[in-house]
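Everything in the sequence shown is counted per the working numbering, starting at 1 for the first residue and increasing by one.
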Amino acid sequence: MNRKYPSALLENAVNELAALPGIGRKTALRLALYMLRRDAGYTSRLTSALSALREEVKYCRECHNICDEGHCSICADPKRDRSLICVVENIRDVMAIENTAQFHGLYHVLGGIISPMDGIGPADLEVDSLVQRVATGEIQEIMLALSATMEGDTTNFFLYRKLAPHRVKVTILARGVAIGDEIEYADEVTLGRSIINRVDFNDTIRL
1 MNRKYPSALL ENAVNELAAL PGIGRKTALR LALYMLRRDA GYTSRLTSAL SALREEVKYC
61 RECHNICDEG HCSICADPKR DRSLICVVEN IRDVMAIENT AQFHGLYHVL GGIISPMDGI
121 GPADLEVDSL VQRVATGEIQ EIMLALSATM EGDTTNFFLY RKLAPHRVKV TILARGVAIG
181 DEIEYADEVT LGRSIINRVD FNDTIRL
């Protein structure tokens, strides 16, 4: 049987690495060969770190961000504005907004956005827990920071209607973030200005 690689073990490693997003087979091969050149301790530390990430990482009980304990460092920070919640699609968006240093409230990670084409509906997202947080009466503003796509706008409107009975202020990022852009890819200056200049969601729709 002809093999593309000189070792079945190398081929297995390449196959697994190539399954990662953004990693093609050529890059996967380079990574696998790089690991072979490194000392055994490096590979051991890498596999241990990945195993710990998969088996031990937790999700914040309050906002669903990743954490090492029951609550993430943001929710546990007494200096954060607990009356303001920024709703994002995923954990990468939390990191992107934090990098702007323009937001000082808390977060709520939905875990996705409504996308019928992908089979993702409201029940697949952390919507109920958001409503429960607002229902406590401690939240004064919900800032929707979802991607400026059709799916993001659909999710924004759904959340706006869902939160309407609680009479909480709902705002949305200013459109410094271009239509069709995803939050995690927006540059920090543009994203920061969009946060500062956020607008009332009610002014962006026609009921």
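Where a beta carbon is used, it is the ideal one built from N, C-alpha and C, also for glycine. The model shown is predicted, which means the values in this text are computed figures rather than measured ones.
| Item | Value |
| --- | --- |
| First and last residue of the uninterrupted alpha helix (DSSP H) at THR171 | Not the alpha helix (DSSP H): THR171 falls in the beta strand (DSSP E), residues 169 to 172. |
| Local conformation of GLY152 per DSSP, three classes | helix |
| Boundaries (first-last residue) of the beta strand (DSSP E) holding GLU141 | 141 to 144 |
| C-alpha gap between THR154 and LYS169, whole angstroms | 18 angstroms |
| Distance between VAL94 and ALA156 (C-alpha atoms, nearest Å) | It should be pointed out that residue 156 corresponds to Asn in this sequence rather than to Ala. Approximately 17 angstroms between the Cα atoms of the pair. |
| Within 8 angstroms, strictly: CB atoms of TYR107 and ILE85 | yes |
| Unbroken alpha helix (DSSP H) run spanning ASP128, endpoints | 128 to 135 |
| Per DSSP, the bridge partner or partners of GLY105 | ASP81 |
| DSSP state of VAL94 mapped onto helix, strand, coil | helix |
| The region 127 to 146 contacting the region 75 to 90, beta-carbon criterion three pairs below 8 angstroms | yes |
| LEU110 and GLU141 closer than 8 angstroms at C-beta | no |
| Within 8 angstroms, strictly: CB atoms of LEU10 and LEU31 | no |
| Boundaries of the alpha helix (DSSP H) in which LYS26 is found, first to last residue | 25 to 37 |
| Terminal residues of the alpha helix (DSSP H) in which LEU20 lies | First-last for LEU20: undefined, no H or E at that position. |
| For LYS79, the nearest candidate out of ALA96, HIS104, HIS71 (CA to CA) | HIS104 |
| CB of LEU36 within 8 angstroms of CB of VAL14, strictly | no |
| Residues of its chain near SER115, where Cβ-Cβ distance is below 7 angstroms and the 5 sequence neighbours each way are ignored | GLU151 |
| Where ARG54 falls: helix, strand or coil (DSSP) | helix |
| Distance between ALA101 and MET143 (C-alpha atoms, nearest Å) | 16 angstroms |
| Pick from SER147, GLU138, CYS67, PHE201 that is closest to ILE97, judged by C-alpha positions | SER147 |
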